[in-house]
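Numbering (full-length UniProt numbering), first residue to last: 1 to 499. These notes are about the structure you will find just below.
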């Protein structure tokens, strides 16, 4: 899979402005200080802007306290202040507004509810999560009480500035300085980083560069010895590594109350759906193993049963407008979710939000990814059709979906709608009372993982996994390592990470 591409227009470009007046790439030249000198300089720049009001119930928060590191501004605040330098194609300043939620949506076409909807960029998770963390009910300013240490480094926003740069040093400088800074702190020495976690709001492959050749993709953040001890949260994890965990892509819905969620769920339950299935996306003619061409052909052949929203970048692109995607999904019983440039798509969560049953073609698109957020029994909320069966023309998607009993479809849709709170991020300025959103579920998963590590350290156990790390996907998903029918899907690790 070729990862050196911008994501599909329907999941990135909502508003664009000409950035040609920003100067050459809108960037200042990097200074010539060594990492050691720069780290010493940064130690004097720690900001207390992130200090939050800490009012927690001691009994309620036992085992849940989290301490937020006060990083130098360059690792988060300054990145947002220099938002025009974050992308060569898109004015990201639009998307940093409203605490990372982006501009409010208008609702002329009545596709959304009247409140809680924003033009959220899929790569703003670090900002959204950080702002949610500031309101976390069990924060502490005493790191010795903390069960976990949050590192609010905007790793994805940082590396995005240099993804197409030819100089590996540019891509690696900040992440190297970060771990140098962390290692100097007393909090690090307590568990050597094993109680630390951070959010890197892009796919894992943007942080797993193997070599230093010119134009190699991404940085080496997740290959650093220090981050291998930490828990890193990404929007797509590596099935073959055990130091990153996936959390849902941000969607457009960020409710301020439980009632907003309930109202939306009820609306999706009543929604009439004209099409048996649909697909919103473009082809991948440069990827030999892609099945998108076959999927689009099958959709066209199904005529009235399938609706295609073609995201061909060479033609006027309706996918640029989220309203078109959401309208399509709301009118579909099933939504096809084949891999794109990598295993996962934001579109999968948009379909769940619309009450549309996702159809996956690779277990790495959801089942081996979002193990904290989605049911282990994937058949309850989705359909799985093996990609290779579609590629060779052995399976008719229409026939498979048409043969699912009506009662089963109803039950699956109810499960999808029930999942909506688990895959959305509430507005950081408000609090959900009875519901847990994707942030809450992620924090619980992190705390449980760190507590397990802490217990194993107390018991003197070897913290190195007693199985090959390449089998992490299987162990995390099934708790076993034996042969499985999905093994062929994860056999080509080298092909993915070197292209």
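We put the CB at the ideal spot given by N, CA and C, even for glycine.
- For residue 445, the uninterrupted alpha helix (DSSP H) run begins and ends at 438-458, by DSSP.
- For the pair residue 232 and residue 223, the CB atoms are not nearer than the 9 Å cut-off.
- Residue burial annotation: residue 220 is buried, with at least 16 other C-beta atoms found within 10 angstroms of its C-beta.
- Taking a contact as a CB-CB distance under 8 Å, the pair residue 96 and residue 80 counts as one, their CB atoms being some 5 Å apart.
- If you ignore the 5 residues before and after residue 327, its C-beta comes within less than 6 Å of the C-beta of 111, all in its own chain and listed in chain order.
- Taking a contact to require three or more Cβ pairs closer than 8 Å, the region 110-125 and the region 136-144 do not qualify as touching.
- Distance check between residue 279 and each of 88, 419 and 348 places 348 closest, using alpha-carbon atoms only.
- Leaving aside the five residues that flank residue 484 on each side, the residues in its chain whose CB is nearer than 8 Å to its CB run, in chain order, 474 and 478.
- Counting C-beta atoms within 10 angstroms of its own C-beta, residue 410 has fewer than 16 neighbours from the protein chains shown and is therefore classed as exposed.
- In this structure, residue 265 lies away from residue 354, with their beta-carbon atoms at least 9 Å apart.
- Residue state for residue 235 is assigned as coil, using DSSP reduced to three classes.
- Pairing residue 457 with residue 447, the inter-Cα distance amounts to about 15 Å.
- In the three-state reduction of the DSSP assignment, residue 129 falls in the helix class.
- A residue is called buried when at least 16 other Cβ atoms come within 10 angstroms of its Cβ; residue 492 does not meet this threshold and is exposed.
- Here residue 333 is buried, its C-beta having at least 16 other C-beta atoms within 10 Å.
- Counting along the chain, the unbroken beta strand (DSSP E) around residue 358 starts and ends at 357-360.
- With a cut-off of 8 Å on Cβ pairs, the region 189-209 is in contact with the region 225-243, counting three or more such pairs.
- Shown here, residue 215 sits in coil according to DSSP, grouped into three states, outside any helix or strand.
- Scanning 440, 238 and 357 for the CA closest to the CA of residue 401 turns up 357.
- For residue 87, DSSP assigns no beta-bridge partner whatsoever.
- By DSSP's assignment, residue 363 forms no beta bridge with any residue.
- Residue state for residue 67 is assigned as strand, using DSSP reduced to three classes.
- Listed in chain order, the non-local C-beta contacts of residue 391 below 8 Å within the same chain comprise 289, 291 and 294, local neighbours out to five positions each way being set aside.
- Residue 161 holds the alpha-carbon nearest to the alpha-carbon of residue 88 among 129, 119, 154 and 161.
- For the 9 Å CB-CB criterion, residue 322 and residue 378 do not form a contact.
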